[in-house]
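Visitor: Questions regarding the structure given below will be posed in turn.
Residue numbers (my numbering): 49 to 496.
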């Protein structure tokens, strides 16, 4: 029994073809001239309505191959379910005798797809009209698509075959490139030995550097990593890679990294130069720009100072490298000086001898070099004498001994009766009558 439509079969076939070619995408396994509907993953049988027609998918291993419509009282999903069950039964059997053939019954105008003596599906005139083609043509197309789908192995078998072919190809390449692999392996082994040796000797040599342990470890790792980079480049060259291209790529990469990290790398390079030149050491008391204190850490990135008022200052090595550094403790002793004002009536030679004898009695003052006592200035009311002497260069002893020397000189000059007058200022009052000294003395005596 066939479904009757109010239009002719030719018009119906044209409408069906236009609709399917317009809105139904093609699916893998079908030829380009057979339109199908999109596949819904949730159900193996998808029913699509187009002008009263219903279609369902024919599946092979879960993949849609083509679609069939309804025939008589049998709906498309029911018909597809029967065909899919038959296909699953065939796939469960050995692969021998799995070829799909077409058997045509011209008297009845139908064709059947068979595997051996087992009928898979019957193609009717209705099927041919649905796809606007002939029964034999449609049957042959479906048979070809089923044969192609049957020949494709299951997913696990396909993956296994691909993996096996990949392994076999890798084995052949390995045998062909065995000398190169051995050479690269030898280069890696030599690199490992050299890198370990460099790291060990770097750590031993860093014991003589006055830096913290982290900086020593960092320097050793830099040497270790540098050797490995060279070794890997050599190994890749043995394997056949173009060294010029590889080095060029590494050079461009290094330039990009260096440009983006130029400030950070500048601090590290400055730290390496400072460690090599050693303008100061741990414990030295230095002046860098406006900071003065004791060096507590010398790292590759920064230098740490502890100021005399208890603050900790981290100075980047780039600034340390470009700054003027004053090292107060580079030598064990440092010169200090005191300025003393002597009365004009004092004997300068005697004063110098008294001061020299007093300084030499102080054990903290260095005897060599000898103290220097110089007349530096003839001021308005005093003769200014500069006393120079050498003491311990550390800040605290330096200040304490300088203070002690000043105290001893003052006490010694006082005991010797040598005056150290203060500055005398003369004040002139304009607009007032002048008063002589005798008049002031006479008035003072009258008051008494």
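We put the CB at the ideal spot given by N, CA and C, even for glycine. Since the structure is predicted, the reported quantities are computational estimates derived from the model, not experimental observations.
For a test of the three-state rule: what should DSSP assign to residue 264, helix, strand or coil?
Guide: On the chain shown, position 216 is the one that residue 264 refers to. Helix, per DSSP.
Visitor: Quick check on the DSSP output: the beta strand (DSSP E) that includes residue 372 runs from which residue to which?
Guide: If you number the chain shown from 1, residue 372 lands on position 324. Per DSSP, residue 372 is not a residue of any beta strand (DSSP E), being assigned neither H nor E.
Visitor: Tell me which same chain residues have a C-beta within less than 8 angstroms of the C-beta of residue 407, skipping the five on either side of it?
Guide: For the purposes of this step, residue 407 is taken as residue 359 along the chain shown, with counting starting at 1. Closer than 8 angstroms at Cβ, skipping near neighbours: 413, 419, 435, 437, 453, 456, 457.
Visitor: Examine chain B for any beta-carbon lying closer than 9 angstroms to the beta-carbon of residue 460, and answer yes or no.
Guide: Included in the structure is just one protein chain, with no chain B present.
Visitor: Rounded to whole angstroms, what's the CA-CA distance from residue 465 to residue 384? Just pull it up for me.
Guide: Your numbering for residue 465 matches position 417 in the chain shown. Your numbering for residue 384 matches position 336 in the chain shown. Straight-line Cα distance between these residues: approximately 26 angstroms.
Visitor: Check the C-beta distance from residue 160 over to residue 170 and give it rounded, since I have them as a contact under 8 angstroms.
Guide: Translated into the one-based positions of the chain shown, residue 160 becomes position 112. Translated into the one-based positions of the chain shown, residue 170 becomes position 122. Contact flag correct, Cβ pair sits at about 5 angstroms.
Visitor: Residues in the same chain with beta-carbon distance under 7 angstroms from residue 476, minus the five sequence neighbours each way, listed in chain order, please.
Guide: Here residue 476 refers to the residue found at position 428 of the chain shown. None.
Visitor: Taking the runs of the alpha helix (DSSP H) that are 4 residues or longer, which of them lie wholly in the segment 299-338?
Guide: 310-325
Visitor: Tell me whether the segment 269-284 and the segment 218-238 touch, counting them as touching only if at least three CB pairs, one residue from each stretch, are closer than 8 angstroms.
Guide: yes
Visitor: From the DSSP output, which residues share a beta bridge with residue 161?
Guide: Locating residue 161 in the chain shown gives position 113, where the first residue counts as 1. DSSP, once it has assigned bridges, lists 150, 169 as partnering residue 161.
Visitor: Looking only at its own chain, which residues have a Cβ that is under 6 angstroms from the Cβ of residue 132, when we skip the five neighbours before and after it?
Guide: Numbered from 1 along the chain shown, position 84 holds the residue referred to as residue 132. Closer than 6 angstroms at the Cβ level, and outside the excluded window around residue 132, lie 107.
Visitor: Could you tell me how far apart the beta carbons of residue 423 and residue 396 are, in whole angstroms, since I believe they sit closer than 8 angstroms?
Guide: As a first step, residue 423 must be located in the chain shown, where it is residue number 375. As a first step, residue 396 must be located in the chain shown, where it is residue number 348. The Cβ separation is near 6 angstroms, so the contact holds.
Visitor: Could you check the C-alpha separation between residue 249 and residue 215 for me, to the nearest Å?
Guide: Locating residue 249 in the chain shown gives position 201, where the first residue counts as 1. Locating residue 215 in the chain shown gives position 167, where the first residue counts as 1. Taking the straight line joining both Cα atoms gives about 44 angstroms.
Visitor: By how many angstroms is the C-alpha of residue 335 removed from the C-alpha of residue 376?
Guide: Walking along the chain shown from the start, residue 376 turns up at place 328. Walking along the chain shown from the start, residue 335 turns up at place 287. Near 8 angstroms, if we compare the C-alpha coordinates of residue 335 and residue 376.
Visitor: Specify whether the segment 108-126 and the segment 189-201 touch according to this definition: at least 3 beta carbon pairs, one from each stretch, less than 8 angstroms apart.
Guide: yes
Visitor: What is the DSSP secondary structure of residue 476, counted as helix, strand or coil?
Guide: Residue numbering aside, residue 476 sits at position 428 when the chain shown is read from its first letter. In this structure, residue 476 counts as coil in the three-state DSSP scheme.
Visitor: Given this structure, state the Cα-to-Cα distance separating residue 427 from residue 357, to the nearest angstrom.
Guide: In the chain shown, the residue the question calls residue 427 occupies position 379. In the chain shown, the residue the question calls residue 357 occupies position 309. Straight-line Cα distance between these residues: approximately 36 angstroms.
Visitor: Would you mind giving the Cβ-Cβ distance between residue 176 and residue 183, rounded to the nearest angstrom? I have them listed as a contact below 8 angstroms.
Guide: On the chain shown, position 128 is the one that residue 176 refers to. On the chain shown, position 135 is the one that residue 183 refers to. Right, their Cβ atoms sit about 5 angstroms apart.
Visitor: Is the beta carbon of residue 138 less than 9 angstroms from the beta carbon of residue 146?
Guide: Against the chain shown, residue 138 aligns to sequence position 90. Against the chain shown, residue 146 aligns to sequence position 98. In this structure, residue 146 lies closer than 9 angstroms to residue 138 by Cβ.
Visitor: Rounded to a whole number of angstroms, what is the C-alpha to C-alpha distance between residue 155 and residue 207?
Guide: The count along the chain shown starts at 1 and reaches residue 155 at position 107. The count along the chain shown starts at 1 and reaches residue 207 at position 159. When rounded, the distance between both Cα atoms is 47 angstroms.
Visitor: Would you identify the three-state DSSP class for residue 104, choosing helix, strand or coil?
Guide: Within the chain shown, residue 104 is the residue found at index 56, counting from 1. The answer is strand: DSSP assigns residue 104 an E or B state.
Visitor: To the nearest angstrom, report how far apart residue 447 and residue 341 are at their CA atoms.
Guide: As a working note, residue 447 is residue 399 in the chain shown. As a working note, residue 341 is residue 293 in the chain shown. Residue 447 and residue 341: Cα-Cα distance of roughly 14 angstroms.
Visitor: Pop quiz: residue 228 and residue 287 are said to be a contact at Cβ under 8 angstroms. What is the actual Cβ separation, rounded to whole angstroms?
Guide: On the chain shown, position 180 is the one that residue 228 refers to. On the chain shown, position 239 is the one that residue 287 refers to. About 5 angstroms separates the beta carbons of residue 228 and residue 287, which is inside the 8 angstroms limit, making them a contact pair.
Visitor: Taking just the CA atoms, how far does residue 399 sit from residue 392?
Guide: Along the chain shown, read from residue 1 onward, the residue named residue 392 stands at position 344. Along the chain shown, read from residue 1 onward, the residue named residue 399 stands at position 351. Cα-Cα distance, rounded: 12 angstroms.
Visitor: Residues bridged to residue 387 by DSSP?
Guide: Residue 387 sits at position 339 when you count from the first residue of the chain shown. 434.
Visitor: Just mark residue 274 as buried or exposed, buried being the case when its beta carbon has 16 or more other beta carbons within 10 Å.
Guide: Position 226 of the chain shown, counting from 1, holds the residue named residue 274. With fewer than 16 other Cβ atoms within 10 Å, it is exposed.
Visitor: What are the boundary residues of the beta strand (DSSP E) that residue 425 is part of?
Guide: Within the chain shown, numbered from 1, the residue matching residue 425 stands at position 377. Start and end: 420-426.
Visitor: What number of angstroms, rounded off, separates the C-alpha of residue 69 from the C-alpha of residue 110?
Guide: Mapped onto the chain shown, residue 69 falls at position 21. Mapped onto the chain shown, residue 110 falls at position 62. Unreliable placement is indicated for residue 69, whose pLDDT of 42 sits below 50; no coordinate value is reported for it.
Visitor: Which two residues bound the contiguous beta strand (DSSP E) that contains residue 363?
Guide: Start at 1 with the first residue of the chain shown, and residue 363 comes out as number 315. 360-364 is the span of the beta strand (DSSP E), which, as asked, contains residue 363.
Visitor: Please report the straight-line C-alpha distance between residue 237 and residue 221, rounded to a whole angstrom.
Guide: Position 189 of the chain shown, counting from 1, holds the residue named residue 237. Position 173 of the chain shown, counting from 1, holds the residue named residue 221. Computed Cα separation, rounded: 23 angstroms.
Visitor: For residue 124, which residues of its own chain have a beta-carbon under 7 angstroms away from its beta-carbon, when the five flanking residues on both sides are left out?
Guide: As a first step, residue 124 is located in the chain shown; it is residue number 76 there, counting from the start. Result list for residue 124: 95, 102, 103, 104, 116, 117, 118, in chain order.
Visitor: Can you round the beta-carbon distance between residue 343 and residue 329 to whole angstroms, since I take them to be within the 8 angstroms contact cut?
Guide: Mapped onto the chain shown, residue 343 falls at position 295. Mapped onto the chain shown, residue 329 falls at position 281. Under the criterion of beta carbons closer than 8 angstroms, residue 343 and residue 329 qualify as touching, at roughly 7 angstroms.
Visitor: Helix or strand or just coil, what does DSSP make of residue 289?
Guide: Numbered from its first residue, the chain shown carries residue 289 at position 241. Note: residue 289 maps to coil in three-state DSSP.
Visitor: If residue 271 sits next to residue 247, beta carbons under 8 angstroms apart, how far is it from one beta carbon to the other, in whole angstroms?
Guide: Within the chain shown, the letter at position 223 stands for residue 271. Within the chain shown, the letter at position 199 stands for residue 247. The C-beta separation of residue 271 from residue 247 comes to about 6 angstroms, placing the pair in contact by the 8 angstroms criterion.
Visitor: Whose CA, out of 293, 361, 315, 441, lies closest to the CA of residue 348?
Guide: Stepping through the chain shown from its first residue, residue 348 is reached at position 300. The residue with the shortest Cα to Cα distance from residue 348 is 315.
Visitor: How would you label residue 218, buried or exposed, when you count the other beta carbons within 10 angstroms and need 16 or more for buried?
Guide: For the purposes of this step, residue 218 is taken as residue 170 along the chain shown, with counting starting at 1. It counts as exposed.
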